[in-house]
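S.K.: Going line by line, the protein sequences match chains A and B. For the first sequence, position 67 matches number 68 in my numbering, and the numbering has no gaps at all. For the second sequence, position 305 matches number 306 in my numbering, and the numbering has no gaps at all. Supplied in structure tokens, the structure appears directly below.
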Amino acid sequence: MKYLPFRLLLALSLAFAALAPAVHAADQKLVVAMLPKAKGNAYFISCKAGAEKAAKELGVTLLFDGPTDSNAAKQNEIIENWITLGVDVIVAACENKEGISTALRKAQKQGIKVVTYDADALPDSRTFFVNQATPEGIGYSLMDEAARLTNSEGEFAIITASLTASNQREWMKYIQARLTEKYPKMKLVLTRPCDDLKDKAQSEATAMMSANPNLKLIMAICSPGVPGAAEAVKQAGKTGKVKVIGLGLPNENKRYVHEGVTDSVILWNTMDLGYLSTYAGVAVAKNELKPGAKSFKAGTLGTFEIQGDNILLGKPFIFNQGNIDQFDF
Amino acid sequence: MRTASTNSAWKSAVFSHEGILFLVLVAEWVFFYHFGTTVNRHDVVVGFGTIDRQFDILRHSCEIGLLALALTPIILTAGIDLSVGSLLGLCAILFGMLWHDAGLSIPVAAAGALVVGALGGGLNALLITWLRLPPLIVTLGTYSLFRGLAEAITRGAVTYTDFPASFLFLGQERWYGLPTQAWIFLAVAALVGLLVHRTTYGRSFRAIGFSPEGARYAGLPVGRRLALVYLIAGVVSALAALIYTSRLGQAKADAGTGYELFAITAVVLGGTSIFGGVGSVTGTLLGVAAIAVLKNGLACLPVVMRMNGAEELSGMLTGALLLLALTGSVLPKYLSNWRASHHSARPQTPT
């Protein structure tokens, strides 16, 4: 009785040792390993849905693994694991640009191709970056959508996260450019920061409406700003009179979109992002897509423009009453 | 009834906690070697059964291994240090700052990080020995304090990178065949092993673990001995911070989050009693290896890869392994108690 555990272990070890080093022939399919920033994040889960669709169409094996929380160290460990597993291509959304680049360079040294998406690594550690949105695309789409909703005339105001944040300023630049270029009858009366806080956005929006009775639209270009502005409009009883649009996530705006307070939420289509990234990764692994290419055709989504080493997902996606329920992030 | 006899010196070695853990480790290794090694499309052998993978396991074990080594003497004294992971983060950040912002050379910045580690460990030691506060509470406090400091200094946003290749050599390259940091790990293991098993210090740690009052009455400088183990833990945490920073090529405030729990798990799995007094450095090393092989091996199994759940599964199995080891270590006692009562119920018949 006493010796049973020992004997069992010995027998087990011997059994395996006798079989080893038996080596199983693995998948003969090309293996794409996709790394999200956090695998439980709904944003990346919808990227995965697109990636799975692409993998099925292309007949490749898709691995999708990442940290449970956004953790740069774990991202590196997962990549190192993929290196020893000898995957064909790594498609990565990077939590930390510099930190992950070391691991990605190591992968490249072993002949594994690397494509990044959503958040880029250092340029020398990947072949292409699938860029989900350019500042120009975001700025123009916001302005065009505002014009469409107001018949291109009247006063509107903007809520930003802060007046100094570089991405916000970049977007503002293109909104202004589009405004002066195409919509002379529209007037930007006020731009206020909300410090990325929903409450502050709400009070700013309330103040905007009382100071500008002719205000026709509020545009929030930070994600807490959109529901914040919508709540203000709703409470002021101006639903439909003052329109709300902005840059944000579908889930936090669904309620207001269905109530008719918020007309459109602008972001990119995350499923398309996963789909395009997978197609690009496979094409790079097969040497069909090389640096210097000017365009790239990705399955049923059509052809995408390449600027330098950035594959552009293209125009942002507009979530509205008709489609917002198809997205869960 | 069979009694312990001359033919079983090696059997008692096998049946020691370390012996069983070693067998578990071998079984794990053989299992993953067999099921986790595959050939890819280009007819290249990949997975667990490659030298690269084995070195990766060693590489990934070094930081948690160092923390586990630092925790072994502490747990032997019936203490605990929950702050080692946070101190690792703080030292990593300060190392990055000293090098990048203060413009110091790498060796000077590294020395600075070690000093910070010593100060952090010293703070624990001071509170535990001077004020006689319980180690659990003290280090729970410094656990938050050190991490909070690291986050405050960097506002959670600054990441130090672009370290020179000479520094990255420590964490990413090999030196005389092994990953560079493995040499440091082995050296620290040898030093801690000597301290715990070959000096009177080690005996005093155990004595304190069994009974601090008894040790005090026996004339042992309990305060100074305790201060020493927490101080060592601080310095070793700083060492782990340098290795971590070099391996990832970055220093960020979240460095080493949760490492203290992995390290404690390894120590306890290695047979060191959480109540103090009993334990060995060999056990800790085996505990570290058993967890590392399990974690890395799982990630190589094709079925786990397809599920994309290596991290969760390794968490579950590590927990199960720990509980099994704890149950296994008390089972013989219960069994012999049961047998004793079972036998005494019947009249003893001479044979």
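Beta carbons are placed, not taken as given, at the ideal position from N, Cα and C, and that holds for glycine.
1. Please give me, in chain order, every unbroken run of the alpha helix (DSSP H) with length at least 4 that falls completely inside the stretch 32 to 84 of chain A.
2. Below 9 Å on C-beta distance, what does A:D66 contact in chain B?
3. Let's test the definition: count the other Cβ atoms within 10 Å of the Cβ of B:W176 and tell me whether it reaches 16, buried, or not, exposed.
4. Please state whether DSSP places A:P1 in a helix, a strand or coil.
5. Can you name the start and end residues of the beta strand (DSSP E) that A:F157 belongs to?
6. Have a look at B:A242 and A:L313 and give me their C-alpha separation to the nearest angstrom.
7. Hey, does A:Q169 have any beta-carbon neighbour from chain B nearer than 7 Å?
8. At a Cβ cut of 7 Å, what residues of the stretch 203 to 224 of chain A count as close to chain B, listed as they run along the chain?
9. Alpha carbon to alpha carbon, how far is A:A294 from A:S47? Give it in angstroms, no decimals.
10. For the structure I just gave you, are there three or more beta carbon pairs, one from the stretch 61 to 74 of chain A and one from the stretch 216 to 223 of chain B, closer than 8 Å?
11. Quick one: does B:D102 have its CB under 7 Å from some CB of chain A?
12. Please list, in chain order, the chain A residues whose beta carbon lies closer than 8 Å to that of B:D82.
13. Distance cutoff 7 Å, beta carbons only. Does A:Q29 sit that close to anything in chain B?
14. Is there a Cβ of chain B sitting closer than 7 Å to that of A:A134, yes or no?
15. Can you name the residues of chain B whose CB is closer than 8 Å to the CB of A:N270?
16. Tell me the start and end of each unbroken beta strand (DSSP E) in the stretch 216 to 254 of chain A that is at least 3 residues and wholly inside, in chain order.
17. Would you kindly report the start and end of the unbroken alpha helix (DSSP H) that includes B:V269?
18. Based on Cα-Cα distance, which residue from A:T135, A:I160, A:M220 and A:E96 lies nearest to A:T151?
19. Assign A:M144 to buried or exposed, taking buried as 16 or more other Cβ atoms, counted over all protein chains shown, within 10 Å of its Cβ.
20. Helix or strand or just coil, what does DSSP make of A:E306?
21. Just tell me which of A:N254, A:K235 and A:G241 has its CA closest to the CA of A:P225.
22. Note down, in chain order, all residues in the stretch 233 to 252 of chain B with a beta-carbon under 7 Å from any beta-carbon belonging to chain A.
23. Can you tell me whether B:P165 is buried or exposed? The criterion is at least 16 other CB atoms within 10 Å of its CB, across all chains shown.
24. Check the C-beta distance from A:V243 over to A:L216 and give it rounded, since I have them as a contact under 8 Å.
25. Closer than 7 Å by beta-carbon distance: list the chain A residues that pair up with B:V47, in chain order.
26. Might you give, ordered along the chain, the residues of its own chain that have their beta carbon closer than 6 Å to the beta carbon of A:F45, omitting 5 neighbours on each side?
27. Looking at B:L83: is its Cβ nearer than 7 Å to the Cβ of B:E261?
28. Verify the CB distance criterion: does A:N321 have a CB-CB separation below 7 Å to chain B?
29. When the Cα atoms are used, what is the spatial distance from A:S296 to A:A104?
30. Going along the chain, which unbroken runs of the alpha helix (DSSP H) with 4 or more residues stay wholly within the stretch 261 to 339 of chain B?
31. To the nearest angstrom, how far is the alpha carbon of A:L290 from that of A:N270?
32. Use the C-beta contact count for B:N338: other C-beta atoms within 10 angstroms, 16 or more gives buried, fewer gives exposed.
33. Quick one: what's got a C-beta closer than 6 Å to A:L195's C-beta in the same chain, skipping five residues either side?
34. Give the residues from the stretch 48 to 60 of chain B that approach chain A closer than 7 Å (Cβ to any Cβ), ordered along the chain.
35. Provide the residue(s) that pair with B:V47 in DSSP beta bridges, ordered along the chain.
36. I need the straight-line Cα distance from B:G298 to B:L322, nearest angstrom please.
M.R.: For this structure:
1. 43 to 59
2. A300, M306, N309, G310, A311 and E312
3. Under this definition B:W176 is an exposed residue.
4. Beyond the ends of chain A as shown, which are 2 and 330, falls residue 1 of chain A; an answer cannot be given.
5. G155 to T161
6. 39 Å
7. no
8. From the stretch 203 to 224 of chain A, no residue has a Cβ closer than 7 Å to chain B.
9. 28 Å
10. no
11. no
12. By Cβ distance, chain A contributes nothing, its closest Cβ being about 21 Å from B:D82, past 8 Å.
13. For A:Q29, the nearest CB of chain B lies under 7 Å from its own CB, placing it at the interface with that chain.
14. It does not; no Cβ of chain B falls within 7 Å.
15. Against chain B, the beta carbon of A:N270 has no neighbour under 8 Å; the closest one sits roughly 23 Å away.
16. If we require 3 residues or more, the beta strand (DSSP E) runs fully inside the stretch 216 to 254 of chain A come out as 216 to 221 and 244 to 248.
17. It spans Y260 to L270 - the alpha helix (DSSP H) in which B:V269 sits, taken as one unbroken run.
18. A:M220
19. buried
20. strand
21. A:N254
22. L249, G250 and Q251
23. exposed
24. The beta carbons of A:V243 and A:L216 sit about 6 Å from each other, so the pair counts as a contact at 8 Å.
25. T85, L86 and G87
26. P37
27. yes
28. Taking 7 Å as the CB threshold, A:N321 stays off the interface with chain B.
29. The alpha-carbon atoms of A:S296 and A:A104 are separated by roughly 28 Å.
30. Unbroken alpha helix (DSSP H) runs of no fewer than 4 residues, entirely contained in the stretch 261 to 339 of chain B, are found at 282 to 301 and 303 to 308, following chain order.
31. Each residue's alpha carbon lies about 23 Å from the other.
32. exposed
33. It should be noted that the sequence gives Cys, not Leu, for residue 195 of chain A. Result list for A:C195: I160, K201, A202, E205 and G226, in chain order.
34. Against chain A - using a Cβ distance shorter than 7 Å - the residues of the stretch 48 to 60 of chain B are G48, G50, T51, D53, R54 and D57.
35. B:T39, per the DSSP bridge assignment.
36. 15 Å
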